[in-house]
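Peer 1:
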């Protein structure tokens with residue numbers, strides 16, 4: 014897929030049918046010293062598709078390799094008169110609570126802008142429509158297009174920040190409600206915040222370097238002001254993300270403390286229950302021992318032996334009953350003194 018539009022003096026001049034026609038226009042009009050701009054947009058190109066563009070605009074082979082292979086971090090590099098910018102556009106999948114990234118590579122030269130997308134974001138059609146609706150801004154050159162792209166990428170961070178903030182609020186509620194699954198959710202959201210931070214934090218250094226380059230190469234002063242506005246927005250985003258990261262760490266700590274407190278309370282209840290059970294076992298054991306003593310005496314005297322002592326004794330029966338009572342009373346006193354009863 015490719016978008017190929019030729020602009021002159023900030024207005025759409027023609028939409029060439031081929032790259033060759035675009036090259037001819039640029040070569041044929043350079044002597045006229047007009048404010049011409051070729052804006053070529055590619056989506057997931059391979060080496061063969063971008064080879065013609067690389068030869069025509071003398072793109073550095075390392076930058077071309079990065080643009081084809083993707084999987085780059087946000088960065089800004091200059092190869093001669095050509096700027097090479099890598100941006101990570103972001104969107105938030107609220108259902109899965111994931112920050113989804115799309116790489117965008119931008120080549121900026123004296124009279125051309127080449128964009129290479131490796132995803133659906135950002136929506137460069139909106140950028141193109143904005144620039145075409147503001148011809149005075151577009152007439153300021155390729156750097157104006159780069160500013161508009163940066164502005165679009167940074168503006169798209171706002172819904173991501175809002176989505177993360179909403180989910181963090183939900184997590185805070187779940188933590189104090191005692192949801193057992195909240196620890197996993199905190200960890201996963203913390204990972205997304207860290208990934209988002211890695212994508213946005215390099216923009217601070219990039220924009221500073223870009224602003225210095227704008228001054229060095231005499232880029233329009235108005236564009237420098239626009240760039241500072243984008244930089245301010247990036248600072249706000251980075252600060253919010255850092256705040257989210259610290260807040261999630263605090264929430265994780267608080268959740269661990271609450272989990273530990275609940276576990277201690279559960280252990281306390283179990284301990285109290287165990288103690289109560291032990292007391293009951295003591296009582297049962299004590300009564301069992303008390304009842305066992307007369308049973309033992311009665312069993313002995315109930316044996317059918319002819320030579321059993323006291324069998325013919327007139328006081329044998331009262332003696333046996335008294336012995337049972339005496340042993341039981343002694344056991345009762347002993348268990349009572351030990352607080353088993």
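Residue numbers (my numbering): 14 to 354. Where is the CB? At the ideal position from N, CA and C, for every residue including glycine. Every value quoted in this text rests on a predicted model; they were computed, and no experiment measured them.
1) Compute the distance between the beta-carbons of residue 56 and residue 103, then report whether it is under 8 Å.
2) Quick one: Cα of residue 203 to Cα of residue 218, how far?
3) Use the C-beta contact count for residue 66: other C-beta atoms within 10 angstroms, 16 or more gives buried, fewer gives exposed.
4) Going by alpha carbons, who is nearest to residue 145 out of 38, 29, 24, 207?
5) May I have the straight-line CA-CA distance separating residue 27 from residue 149, to the nearest angstrom?
6) Can you tell me the Cα-Cα spacing of residue 293 and residue 301, whole angstroms?
7) Is the segment 156-168 in contact with the segment 31-41, if contact means three or more CB pairs nearer than 8 Å?
8) Which ranges does the alpha helix (DSSP H) cover as unbroken runs of at least 4 residues, wholly within the segment 183-225, from first to last along the chain?
9) Quick check: the Cα distance between residue 83 and residue 256, rounded to an integer number of angstroms?
10) Where residue 69 and residue 176 are concerned, what is the direct C-alpha to C-alpha distance, given to the nearest angstrom?
11) Taking 8 Å as the cut-off, decide whether the C-beta atoms of residue 261 and residue 206 are in contact.
12) What ranges does the alpha helix (DSSP H) occupy inside the segment 42-123, keeping only unbroken runs of at least 4 residues that lie completely in it?
13) Could you give the residue range of the alpha helix (DSSP H) that holds residue 31?
14) CA-CA distance, residue 85 and residue 131?
15) Smallest Cα separation from residue 52: which of 20, 221, 251?
16) DSSP beta-bridge partners for residue 127?
17) Around the Cβ of residue 81, are there at least 16 other Cβ atoms within 10 angstroms (buried) or fewer (exposed)?
18) By DSSP, does residue 153 sit in helix, in strand, or in coil?
19) Between the beta-carbon of residue 99 and the beta-carbon of residue 88, is there less than 8 Å?
20) With 8 Å as the threshold, decide whether the Cβ of residue 123 is near any Cβ in chain B.
21) Between which two residues does the alpha helix (DSSP H) holding residue 143 run?
22) Taking the beta strand (DSSP E) that residue 16 falls in, what are its first and last residues?
23) Can you pull the DSSP bridge partners for residue 27?
24) Using CA coordinates, which residue listed in 308, 91, 281 is at the minimum distance from residue 73?
25) Short of 6 Å in beta carbon distance, which residues of its chain neighbour residue 16, apart from the five on each side in sequence? Order them along the chain.
26) Could you work out which residue in 259, 138, 222 is closest to residue 210 when comparing CA atoms only?
27) Applying the 10 Å Cβ sphere with the 16-neighbour rule, what's the burial state of residue 268?
28) Among 352, 112, 308, whose alpha-carbon lies nearest the alpha-carbon of residue 7?
29) Which residues in the same chain have their Cβ closer than 8 Å to the Cβ of residue 160, if we skip the five residues on either side of it in sequence?
30) Could you tell me which of 22, 63, 49 sits nearest to residue 32, measuring between CA atoms?
31) Here's the rule: buried if 16 or more other CB atoms are within 10 angstroms of the residue's CB, otherwise exposed. What is residue 136?
32) Looking at the structure shown, is residue 134 part of a helix, part of a strand, or coil, going by DSSP?
Peer 2: In this structure, then:
1) Within the chain shown, the letter at position 43 stands for residue 56. Within the chain shown, the letter at position 90 stands for residue 103. Not in contact: residue 56 and residue 103 (Cβ atoms no closer than 8 Å).
2) Here residue 203 is taken as the residue at index 190 of the chain shown, counted from 1. Here residue 218 is taken as the residue at index 205 of the chain shown, counted from 1. Spanning the two alpha carbons is a distance of roughly 24 Å.
3) Taking the chain shown and counting its residues from 1, one reaches residue 66 at position 53. By the 10 Å Cβ count, residue 66 comes out buried.
4) One-based indexing of the chain shown puts residue 145 at position 132. Here the closest residue by C-alpha is 24.
5) Taking the first residue of the chain shown as 1, we reach residue 27 at position 14. Taking the first residue of the chain shown as 1, we reach residue 149 at position 136. Cα-Cα distance, rounded: 18 Å.
6) Taking the first residue of the chain shown as 1, we reach residue 293 at position 280. Taking the first residue of the chain shown as 1, we reach residue 301 at position 288. Spanning the two alpha carbons is a distance of roughly 12 Å.
7) no
8) Fully enclosed alpha helix (DSSP H) runs of 4 or longer: 195-213.
9) In the chain shown, counting from the first residue as 1, residue 83 sits at position 70. In the chain shown, counting from the first residue as 1, residue 256 sits at position 243. Cα to Cα, the separation comes out at about 30 Å.
10) Working through the chain shown from its first residue, we reach residue 69 at position 56. Working through the chain shown from its first residue, we reach residue 176 at position 163. Distance between the alpha carbons of residue 69 and residue 176: 43 Å.
11) By 1-based counting over the chain shown, the position of residue 261 is 248. By 1-based counting over the chain shown, the position of residue 206 is 193. Contact: yes.
12) Taking only runs of at least 4 residues, the alpha helix (DSSP H) segments lying wholly in the segment 42-123 are 60-70, 74-82.
13) Indexing the chain shown from 1 puts residue 31 at position 18. Looking at the DSSP string, residue 31 is not in any alpha helix (DSSP H), and its letter there is neither H nor E.
14) Translated into positions along the chain shown, residue 85 becomes position 72. Translated into positions along the chain shown, residue 131 becomes position 118. Approximately 11 Å between the Cα atoms of the pair.
15) The residue you call residue 52 lines up with position 39 of the chain shown. With distances taken between Cα atoms, residue 52 lies closest to 20.
16) The residue you call residue 127 lines up with position 114 of the chain shown. DSSP, once it has assigned bridges, lists 53, 120 as partnering residue 127.
17) Taking the first residue of the chain shown as position 1, residue 81 is located at position 68. With 16 or more other Cβ atoms within 10 Å, it is buried.
18) Working through the chain shown from its first residue, we reach residue 153 at position 140. In the structure shown, residue 153 sits in coil (DSSP, three-state: anything other than H, G, I, E or B).
19) Within the chain shown, numbered from 1, the residue matching residue 99 stands at position 86. Within the chain shown, numbered from 1, the residue matching residue 88 stands at position 75. For residue 99 and residue 88, yes; Cβs fall inside 8 Å.
20) Of the protein chains in the structure, only one exists, and it is not chain B.
21) For this step, residue 143 is matched to residue 130 along the chain shown. Counting along the chain, the alpha helix (DSSP H) containing residue 143 begins and ends at 137-146.
22) On the chain shown, residue 16 is found 3 positions in, with the first residue counted as 1. Residue 16 -> beta strand (DSSP E) spans 15-21.
23) In the chain shown, the residue the question calls residue 27 occupies position 14. In the DSSP output, where bridge partners are listed per residue, residue 27 has 19.
24) If you number the chain shown from 1, residue 73 lands on position 60. The shortest C-alpha separation from residue 73 is found at 91.
25) For the purposes of this step, residue 16 is identified with residue 3 of the chain shown, where counting begins at 1. Answer for residue 16: 54, listed in chain order.
26) Within the chain shown, numbered from 1, the residue matching residue 210 stands at position 197. The shortest Cα separation from residue 210 among 259, 138, 222 belongs to 259.
27) Here residue 268 refers to the residue found at position 255 of the chain shown. So residue 268 ends up on the buried side.
28) Summary: the structure shown does not reach residue 7, with the chain confined to residues 14 through 354, and so no result is reported for it.
29) Here residue 160 is taken as the residue at index 147 of the chain shown, counted from 1. The residues are 236, 239, 240, 243.
30) The residue labelled residue 32 in the question sits at position 19 within the chain shown. When each option's Cα is compared against that of residue 32, the closest is 63.
31) Here residue 136 is taken as the residue at index 123 of the chain shown, counted from 1. Counting Cβ neighbours within 10 Å, residue 136 comes out exposed, since fewer than 16 surround it.
32) Position 121 of the chain shown, counted from the start, is the residue given in the question as residue 134. Three-state result, residue 134: coil.
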